[in-house]
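Worksheet: one structure, shown below.
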Amino acid sequence: MINSRFIRNVRLGIKTLMLHKMRSILTMLGMVFGVGAVIAMLAVGEGASKDALDQIRRLGSQNIIINSQQPISQAASGSMRSNMNIYGLLYDDLDRIEQSFDTIEQTVPAKLIRGEGRVGDRTLELRLVATTPNWFELVSRDRVAGRYMTQLDIDHHANVVVLTEHGARKLLVGKTTIGSQVRISQGIFTVIGVIKSESTQSGTMQTPDQEIDAYIPLNVAIERFGDINVTRTSGSRSRELVELHQLIVQVDSIKNVESTAAAIERMLSIHHPKGDYKMSVPLALLRQAEATQRTFNIVLGSIAGISLLIGGIGIMNIMLASVTERTREIGIRRAIGARRKQIIGQFLIETVVLSVTGGFIGIGIGILIPWLITMFADMPTVVTMWSVLLSVVISIGVGIVFGMYPAMRAANLDPIVALRYE
Amino acid sequence: MGDQDVHALAGVTLDIERGSFWAISGASGSGKSTMLNLLGCLDRPTSGRYALEGKSISTLSDDELSDIRLQHLGFVFQSFNLIPQLTVQENIELPLFYQGIDAGEAAKRARDIADRVGLTDRLGHRPTELSGGQQQRVAIARALSNNPSVLLADEPTGNLDTATGDSIMKLLSELHEQGKTIMMVTHEPEIAAYAQFQLVMRDGKIESIASNDSSRALHKAGGVLA
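First to last, the protein sequences are chains A and B.
Going from the first sequence to our numbering is simple: count from 1 and add 34.
Going from the second sequence to our numbering is simple: count from 1 and add 13.
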């Protein structure tokens with residue numbers, strides 16, 4: 035019964051508002067733009083941060099990534115032409131880290147070597163990633179064909195290579211991929227598998243993989259290529275000796291990541307006073323990115339809050355005018371026997387109908403704008419469910435908060451005075 | 014009104030018998046409107062006592078007064094006071110809506126009452142589409158829809174031409190014959206002549222009470238104690 039009265043009140047509210055279509059539409063505009071702005075801004079922010087967060091998540095939040103890095107002082111001096119440039123992580127570091135911490139699940143070493151892949155007359159600049167089978171476990175990438183590297187490959191010192199989709203497409207066009215022979219620098223390697231690479235060639239420093247990667251067993255690489263890398267830059271040759279370029283440490287649980295990272299840092303700093311390594315903790319980056327996102331959301335929320343406040347005040351203003359205009363109607367209803375509460379209900383419902391209708395139009399606009407941005411500006415946007423739900427709740431809230439005062443004013447009118455009002 | 018309290022009504026004692034038809038008249042400021050507001054439970058006396066059907070209303074809360082108006086009273090105004098955005102039917106249903114009677118039952122009752130006041134074919138219209146006489150019939154229908162025991166009419170013919178006014182008065186007379194108690198404020202003697210009793214107010218007091226109906230004795234129906 036209450037329910038049917040509520041529905042009739044809503045219908046009456048809509049009908050009353052329809053009497054002044056233009057006024058109602060203008061009144062709703064504040065809500066329309068307020069809610070539209072909230073959803074659109076959140077969608078753009080969410081889209082931007084999702085990209086960044088995804089990239090960080092891909093690194094694995096349980097991982098600690100340590101990269102060898104040429105010390106700045108050494109790089110700056112120009113007298114290195116003849117000398118060997120020695121820096122970076124050592125095989126010993128791998129053993130030390132593995133043996134010192136029981137919070138470590140596994141460690142994956144990687145040695146990066148520039149090389150050229152050749153099949154027939156087709157060549158491709160490759161980044162050889164010399165590593166162990168658990169690389170594929172840790173940096174989980176989808177397999178397109180064949181298999182991953184196994185312990186057996188290590189044990190047999192097998193000349194095998196896992197290519198990325200990109201590499202396979204460039205080198206092995208029109209050929210059966212698995213089992214094909216690829217000449218890499220001085221050796222012939224058999225392709226055993228092809229994986230998907232998730233990052234592009236311009237992957238960041240921390241990104242464990244690039245699309246020009248080719249994965250070979252670590253021991254094969256050491257035997258075949260040694261530890262010395264020769265690079266030719268503008269006519270001069272520079273040689274550098276780096277044992278390991280990268281170490282990925284997987285910690286057993288997220289809560290141990292930061293303490294383990296700190297302990298490894300302490301240990302490495304003893305053995306590497308030159309600071310020839312760089313440690314990055316995706317979890318810390320993730321936390322930082324999330325904090326940035328939170329700040330962004332607070333700023334957006336404040337802007338949205340202000341626009342909704344203005345929208346609400348606009349509605350209140352019109353409702354106050356409406357109460358004055360309908361003083362007589364209020365008097366009639368009271369004379370007939372409507373209680374104060376029922377008058378409050380009637381006007382509140384009208385305000386909420388206004389604010390919620392405005393809110394829904396705003397949601398439509400808030401979904402349309404990010405869609406257009408994605409269409410024309412090619413920016414990722416994500417309209418989240420919670421932002422839509424929040425908007426609905428806020429619309430109702432604004433209606434109630436800003437409708438209460440006009441409704442109370444209507445209800446507190448003296449029926450005798452109200453009836454006489456011209 | 015300044016700082017001085019003005020008593021719109023003072024020292025009025027009146028006994029209104031169920032089913033009687035009263036016309037209240039008097040110069041403006043004589044207290045007839047205040048009288049009607051009190052009788053209609055729109056106002057409470059600052060002192061003194063008013064009982065409706067044996068129940069004192071002086072001490073009731075605002076909500077309780079609303080409920081009494083909703084259950085026992087019907088109002089007819091000079092300017093009809095229909096709600097413009099509602100149809101005739103919805104206007105008639107309004108008291109039933111506040112009583113919480115379901116839509117189907119309310120619609121049926123509204124149609125029955127519309128038949129009684131001769132508005133059957135106007136139910137879907139807006140009040141502004143009707144003539145003054147028709148609007149007043151809608152107002153009467155609305156006042157009747159909650160089946161009140163007392164009908165309060167404030168210059169019900171004030172905005173109508175004589176012929177239409179007469180037809181409205183005939184309708185009120187019929188309702189009186191059907192047993193409704195009617196309290197009507199009017200300043201027109203021809204309209205007051207439709208009532209059983211004519212009460213004249215002056216300066217917040219009852220000046221005179223006269224019976225139009227010789228078949229009923231004055232002392233039975235009401236009295237004056239100045």
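From the three backbone atoms N, C-alpha and C, an ideal C-beta is built for every residue, glycine too.
Every value quoted in this text rests on a predicted model; they were computed, and no experiment measured them.
Counted within 10 angstroms of its Cβ, other Cβ atoms place residue i as buried (16 or more) or exposed
i	result
T224 of chain A	exposed
E190 of chain B	exposed
Q215 of chain A	exposed
I279 of chain A	Looking at the sequence shown, residue 279 of chain A is not Ile but His. It counts as buried.
R300 of chain A	exposed
L60 of chain A	exposed
K121 of chain B	exposed
T326 of chain A	exposed
T211 of chain A	buried
Q133 of chain A	exposed
D28 of chain B	exposed
T26 of chain B	exposed
N94 of chain B	buried
T166 of chain A	buried
M313 of chain A	buried
E142 of chain B	exposed
I99 of chain A	buried
Continuous alpha helix (DSSP H) stretch holding residue i: start and end
i	result
K289 of chain A	288-305
Y125 of chain A	125-134
G180 of chain A	Here G180 of chain A belongs to no alpha helix (DSSP H); instead the beta strand (DSSP E) covers 177-180.
M118 of chain A	Segment 118-120 is the beta strand (DSSP E) holding M118 of chain A; no alpha helix (DSSP H) there.
P256 of chain B	The requested residue 256 of chain B is not part of the displayed model; chain B covers only 14 to 239.
P143 of chain A	First-last for P143 of chain A: 138-153, but that is the beta strand (DSSP E), not the alpha helix (DSSP H).
L185 of chain B	175-190
V72 of chain A	55-92
L186 of chain A	185-189
Cβ-based neighbour list, residue i, same chain, cut-off 6 Å, excluding 5 preceding and 5 following
i	result
N263 of chain A	E274
A223 of chain B	Q211
G81 of chain A	P414, T415, V416
G237 of chain A	Here the model assigns G237 of chain A a pLDDT of 43, short of 50, so the residue's position is not dependable and the matter cannot be decided.
A164 of chain A	K145, I250, L252, A255
S421 of chain A	I73, L76
Secondary structure of residue i, DSSP reduced to three states
i	result
F436 of chain A	helix
I70 of chain B	coil
P404 of chain A	helix
V19 of chain B	coil
N97 of chain A	strand
G42 of chain B	coil
P251 of chain A	strand
E201 of chain B	coil
T224 of chain A	strand
I383 of chain A	helix
T234 of chain A	Any reading at T234 of chain A must be qualified, since the residue scores a pLDDT of 48, below 50, and its modelled position is unreliable; the value itself is stated next. Coil at T234 of chain A, not helix or strand.
R161 of chain A	strand
R203 of chain A	helix
M239 of chain A	Since pLDDT at M239 of chain A reaches only 45, below the 50 mark, its modelled position is unreliable, and no value is offered.
Assumed close pair residue i, residue j - CB separation to whole angstroms, cut-off 8 Å
i	j	result
E77 of chain B	S162 of chain B	Between S162 of chain B and E77 of chain B the Cβ distance is about 17 Å, and since that is not below 8 Å, they are no contact.
D247 of chain A	T198 of chain A	5 Å
I450 of chain A	L55 of chain B	5 Å
R150 of chain B	L132 of chain B	6 Å
I470 of chain A	R362 of chain A	Residue 470 of chain A lies beyond the stretch modelled for chain A, which goes from 35 to 456, so this question has no answer here.
E139 of chain A	V285 of chain A	6 Å
R139 of chain B	P108 of chain B	Contact doesn't hold; Cβ gap of about 19 Å is too wide.
L184 of chain B	Y207 of chain B	L184 of chain B to Y207 of chain B, Cβ: 10 Å. No contact.
Same chain, Cβ closer than 7 Å to residue i, neighbours up to 5 away in sequence not counted
i	result
G149 of chain A	L160, L162, I218, S219
L86 of chain B	G53, C54, P161, V163, L165
S33 of chain B	T194, Q209, F210, A234
L51 of chain A	S58, E384, V387, L388
I401 of chain A	I73, V417
G122 of chain A	S102, V276, E277, L278, H279, D310, Y311
N193 of chain A	G221, I222, F223, T224, V254
H20 of chain B	G217
Other residues of its chain near residue i: CB distance less than 8 Å, five sequence neighbours each side excluded
i	result
I434 of chain A	L382, T385, V386
I344 of chain A	G64, G68
L128 of chain A	T141, P143, L278, L281
Residue interval of the beta strand (DSSP E) (run including residue i)
i	result
V519 of chain A	This structure cannot speak to residue 519 of chain A, because chain A is shown only from 35 to 456.
S221 of chain B	218-224
K312 of chain A	311-314
F93 of chain B	Run containing F93 of chain B: none; DSSP gives neither H nor E here.
L136 of chain B	Careful: L136 of chain B lies outside any beta strand (DSSP E) and carries neither H nor E.
V283 of chain A	280-285
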